[in-house]
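Note that my numbering has the sequence shown beginning at 1318, numbered continuously upward. Where a beta carbon is used, it is the ideal one built from N, C-alpha and C, also for glycine.
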Amino acid sequence: MFETADMSRLTVAAPVGKIEDVLRTCASLGCVHIEEYGNFEDGIGVGKSINTDNSDHISQMIIKARALQAELNATNTGGAKSAVEANKLTISMGDKIDSALALVDQIRDAQSDISNLDERIKALSRVEPLGIPLELMAGFEGLEIYIAETAKASKAHVVFADMMSEIELQTSPGIIAVACKSSDGAAVQIGLSELGAKPIQIPAGKGSPSEMIATAKSKVSELESSIITCEDKLAAWSKSNGRDLVILLEHLEREESIYTAPTLLAVSNQAFVLDGWVPTSDKNTVQKALESKASHVSIEKYEAPHHGHGHDEGEHESAEVPKELIMLSDYLAEKDISVFQFFRSMDLDDSGELEFREIESAMKKADIPDMPPLNMAKFLAAIDLNRDGKINLPELDLAIGTIRVGKHHLSEHHDDAEPPIKFENGDISEPFELLVDLVGRPKYGTFDPTLLMTVTFPLFYGMILGDWGYGLVLCALAAYLGTKPFAADPLAKNGLTILRWMGIWCIIWGLIFAEGFGFVWDDTGQLGSSSPFAGIYAWTYSNFHVPGVLADLLGMGGLHIPFHRATVGGGLQEYVVLSVYVGVVHIFLGLVIGLATVYKAHGAAAAYFEKGSWLLILTGGTMQARNMVMGYNDLFEIQIWSFLIIIGLVSLIIGLAIFEKFGWVGGIIMGPIETFGLLANTLSYLRIMGVGVAGVKIAEVSITMGWDKIGPAIDSGDILTVVLGLILFILIQLFAIALGILSPTIHAVRLHFVEWMGKFYDGSGKAFSPLGGRTLHVESES
């Protein structure tokens, strides 16, 4: 519930010839996360992508399918298909995809042609007013023609008055054309400069510009009609084949992940090792499925290393390299033979696993000079990748490869990795994993806050917006968007579920505040005693209030249902105090979680000084401030709570000095300074009150500027005022709703991500990503 799925380490070793079979089995299981190999050594490296006719076909087809999906954005609303049916689509959909892509190409070509024609029409439109055929604008020997745009075209005759006998001048508004002898070109250019004229490029072609414009526009119309026809055909194609395209794309991506997965594995000339993770709950299923495919399969539950806080983990202990193993490596290199060739004849039972007598027999038969007596214990420790007490040929081949570069234990890389994180939440809380993923997945073995955020995030949001009318709008919006095709996507589906819960809590708080669409719905509001809820709220005000003991403790005896959070003397003070108390409880919960997390990882001492000190300071500070607010004591008067603060501060200084390596000077300086950070975190929850009251006032503006004007205007027959009042009311309400969706969300997120999660959360976990991906549109084979 509050932890992620337990993970077990998977090690698979097999000859390279079985690499595709093993990977395909892992993909079918849908629960194998492969750990990328990065320990590059001579003789051992990562593999190459599987290259077959089918893999080439898949590669080509996935490029086309992705290109088409990018154009169509097709969705699957008809449900998943079986893996067999999805595989058949790789054949049946080929020609269909090509035909759809041909339509896409036609649309793009037409759009490109239209763009070129639009540019030509613009160019022709510039010279059209001159009324000169294009062939007369250039191409005459001994004659220069200048065509230019100018705002002073009407002054051209004045500028060229002295040259009129030597030139031909044609003018139209905004453009002029001058033809002259080459010898007069310089003078004409001076005249054009005086007019501020800018030369324009003469369009290519022959004939009247106006006729050419008409032809180009006709062509554009044809192309636009062609685009509409192609788009209609694409829409029809998407309607008929969109579901199959989505299913096919998922299948192709799964196949591609299988073909490229060898690049994640440790591979030698003869063998490979797959290093990965599986959920512990799937251990038996994975073991059974892979045993028939691989020479060696091992699955071990991950145990997090426990170490003292502030101390570096020791170096990996490396087993001493047995002399006989080094000599065997040298012998194989000298004879240029593989481990498989050397030992295959000695695998007497053909099991792929070597027994001691088989190893010893092969070593003696080789007659390696100066070979010492075989120490089986050391030999086994040096090459047993997963410490299962057995040796197989792929394991031995990889171990020999590492020895040749002075390294003898592949587990140096194996032991470094942290398990990937797979959430384990119920149907209600699962959508809120979307929020947790925004700050990274929790580190393995630490607290998963998803379930708590399922309650607190929409609760905080509703407490800020607190209007049942806007809550109904949010629920309606979530329901409407849920009918759209994109809502089938898991990400969109989770987002809409969160939006729905935000709306529900907004309705709950709105009923508590008696607020709906900015109106107050008890007898103190705009409708007075005529409100349909006046009687209900009169009864709740008399019967629902904070219990006496809790009211005395918190100083909130004036809190009833409803209470008006934006009204001085009507609930504003209680809203302020409630916001602070919510912050104290929320941060306290975060510190308790942090205390448990540090205790689990580093022990009781580190937990107390790191988190316990803050709990003491928070508790003491809250009670000290509470007593001051209620008039029991002055703020700096010594109380029992003061000693709690002092003990917490001293503990914090010790924690900073020793466990956080600040040193005593740093701890003494930083300790008191850090406490102001806790104060800032706590007071940050006042944004609940601040943003909430601001939202109420914005909604009130729509009532005072719009709604309140409508009634008197109707009585007086002022239709214009009625219309303006109604428009103002609607527009400001829409603004209030838009702001109500955005602003409270931002602040509720900030309170969780910064003030709360900062007290315990480590978001360094990596997401669990099984080979083959999630099967959303293709039914799992397992």
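CA-to-CA distance, residue j to residue i, given in whole angstroms
{"i": "Gly1865", "j": "Leu1932", "result": "27 Å"}
{"i": "Ser1728", "j": "Phe1589", "result": "The predicted position of Ser1728 is uncertain, since its pLDDT is 44 and thus under 50; no value can be drawn from it."}
{"i": "Gly2075", "j": "Ile1564", "result": "41 Å"}
{"i": "Tyr1892", "j": "Gly2023", "result": "28 Å"}
{"i": "Ala1440", "j": "Ser1535", "result": "16 Å"}
{"i": "Pro1849", "j": "Ile2036", "result": "28 Å"}
{"i": "Phe2052", "j": "Ser1846", "result": "29 Å"}
{"i": "Gly1972", "j": "Asn1998", "result": "20 Å"}
{"i": "Glu1402", "j": "Leu1562", "result": "12 Å"}
{"i": "Trp1822", "j": "Trp1856", "result": "22 Å"}
{"i": "Ala1868", "j": "Gly1874", "result": "5 Å"}
{"i": "Ser1525", "j": "Val1495", "result": "18 Å"}
{"i": "Asn1950", "j": "Ile1964", "result": "20 Å"}
{"i": "Gly2028", "j": "Thr1321", "result": "59 Å"}
{"i": "Trp2073", "j": "Ile1904", "result": "5 Å"}
{"i": "Ile1910", "j": "Gly1364", "result": "43 Å"}
{"i": "Leu1582", "j": "Ala1734", "result": "14 Å"}
{"i": "Leu1591", "j": "Thr1597", "result": "17 Å"}
{"i": "Gly1550", "j": "His1374", "result": "Contrary to the premise, residue 1550 reads as Lys rather than Gly in this sequence. If you take the alpha carbons of Lys1550 and His1374, they lie about 27 Å apart."}
{"i": "Ile1878", "j": "Thr2021", "result": "25 Å"}
{"i": "Asp1599", "j": "Leu1908", "result": "34 Å"}
{"i": "Met1947", "j": "Ala1883", "result": "21 Å"}
{"i": "Ser2060", "j": "Leu1813", "result": "18 Å"}
{"i": "His1726", "j": "Leu1645", "result": "Since pLDDT at His1726 reaches only 43, below the 50 mark, its modelled position is unreliable, and the value read off the structure follows with that caveat. Rounded to the nearest angstrom, the two C-alpha atoms are 16 Å apart."}
{"i": "Asn1404", "j": "Lys1398", "result": "10 Å"}
Residues of its chain near residue i, where Cβ-Cβ distance is below 7 Å and the 5 sequence neighbours each way are ignored
{"i": "Thr1577", "result": "Ser1366"}
{"i": "Thr1936", "result": "Leu1961"}
{"i": "Ala1427", "result": "Leu1540, Ser1543, Ile1544"}
{"i": "Tyr1295", "result": "Nothing can be reported for residue 1295: it is not among the residues displayed for the chain, which extend from 1318 to 2099."}
{"i": "Ala1382", "result": "Ile1414, Leu1562, Leu1565, Leu1566, Leu1569"}
{"i": "Cys1497", "result": "Glu1461, Glu1483, Ile1484, Val1505"}
{"i": "His1628", "result": "Confidence at His1628 is low in this model, with a pLDDT of 44, below 50, so its placement is unreliable and the value that follows should be read with caution. Closer than 7 Å at Cβ, skipping near neighbours: no residue."}
{"i": "Leu1447", "result": "Gln1487, Ser1489, Ile1492, Ala1494"}
Start and end residues, beta strand (DSSP E) containing residue i
{"i": "Ala2065", "result": "Premise fails: Ala2065 lies in the alpha helix (DSSP H), 2036 to 2067, not in any beta strand (DSSP E)."}
{"i": "Thr1342", "result": "Premise fails: Thr1342 lies in the alpha helix (DSSP H), 1336 to 1346, not in any beta strand (DSSP E)."}
{"i": "Arg1882", "result": "Where Arg1882 is concerned, there is no enclosing beta strand (DSSP E), given that its DSSP letter is neither H nor E."}
{"i": "Tyr1463", "result": "1460 to 1466"}
{"i": "Thr1328", "result": "1324 to 1332"}
{"i": "Val1915", "result": "Element bounds for Val1915: not the beta strand (DSSP E) but the alpha helix (DSSP H), 1889 to 1919."}
{"i": "Ala1494", "result": "1492 to 1498"}
Unbroken alpha helix (DSSP H) run spanning residue i, endpoints
{"i": "Arg1425", "result": "1411 to 1444"}
{"i": "Arg1758", "result": "Neither: Arg1758 is in no alpha helix (DSSP H) and is coded neither H nor E."}
{"i": "Trp1818", "result": "1807 to 1830"}
{"i": "Gln1587", "result": "Taken as a continuous stretch (DSSP letters only), Gln1587 belongs to no alpha helix (DSSP H), as it is neither H nor E."}
{"i": "Gln1487", "result": "Where Gln1487 is concerned, there is no enclosing alpha helix (DSSP H), although the beta strand (DSSP E) it sits in stretches over 1485 to 1489."}
{"i": "Glu1741", "result": "Glu1741 -> no alpha helix (DSSP H), and no H or E assigned at all."}
{"i": "Ser1615", "result": "Not the alpha helix (DSSP H): Ser1615 falls in the beta strand (DSSP E), residues 1613 to 1618."}
{"i": "Ala1531", "result": "1526 to 1577"}
Whether residue i touches residue j by CB criterion (8 Å)
{"i": "Ile1462", "j": "Pro1516", "result": "no"}
{"i": "Met1770", "j": "Leu1751", "result": "no"}
{"i": "Gly2080", "j": "Gly1757", "result": "yes"}
{"i": "Ala1400", "j": "Glu2096", "result": "yes"}
{"i": "Leu1385", "j": "Ala1417", "result": "yes"}
{"i": "Met1378", "j": "Gly1355", "result": "no"}
{"i": "Val1595", "j": "Ser1930", "result": "no"}
{"i": "Pro1802", "j": "Thr1392", "result": "yes"}
{"i": "Val1863", "j": "Leu1844", "result": "no"}
{"i": "Trp1785", "j": "Leu1828", "result": "yes"}
{"i": "Val1649", "j": "Val1339", "result": "One detail in the question is off: residue 1649 reads as Leu in this sequence, not Val. No. Outside cutoff."}
Same chain only: Cβ atoms within 8 Å of residue i, ignoring 5 sequence neighbours per side
{"i": "Ile1985", "result": "Ile1970, Ala1974"}
{"i": "Leu2003", "result": "Val1893, Ser1896, Val1897, Gly1900"}
{"i": "Ser1574", "result": "Ala1344, Leu2088, Gly2089, Gly2090"}
{"i": "Met1480", "result": "Cys1497, Asp1501, Ala1504, Val1505, Gly1508"}
{"i": "Phe1880", "result": "Ile1829, Phe1830, Gly1887, Gly1888, Glu1891, Tyr1892"}
6 Å Cβ shell around residue i - same chain, five flanking residues per side excluded
{"i": "Ser1372", "result": "Tyr1576"}
{"i": "Arg1443", "result": "Ile1517"}
Neighbour flag for residue i against chain C, beta carbons, 8 Å
{"i": "Ile2031", "result": "In the structure shown, chain C does not exist; there is a single protein chain."}
Original post:
Are the segment 2015 to 2031 and the segment 1827 to 1840 in contact at 8 Å, needing three or more beta carbon pairs?
Top reply: yes
Original post:
Within the chosen definition, does the segment 1770 to 1781 reach the segment 1734 to 1752 through at least 3 CB pairs nearer than 8 Å?
Top reply: yes
**OP:** Inspect the CB distances between the segment 1911 to 1920 and the segment 1880 to 1894 and report whether three or more fall short of 8 Å.
**Re:** The segment 1911 to 1920 is not in contact with the segment 1880 to 1894.
**OP:** Tell me, please, whether the segment 2038 to 2047 touches the segment 2055 to 2064 by the rule of three or more beta-carbon pairs shorter than 8 Å.
**Re:** no
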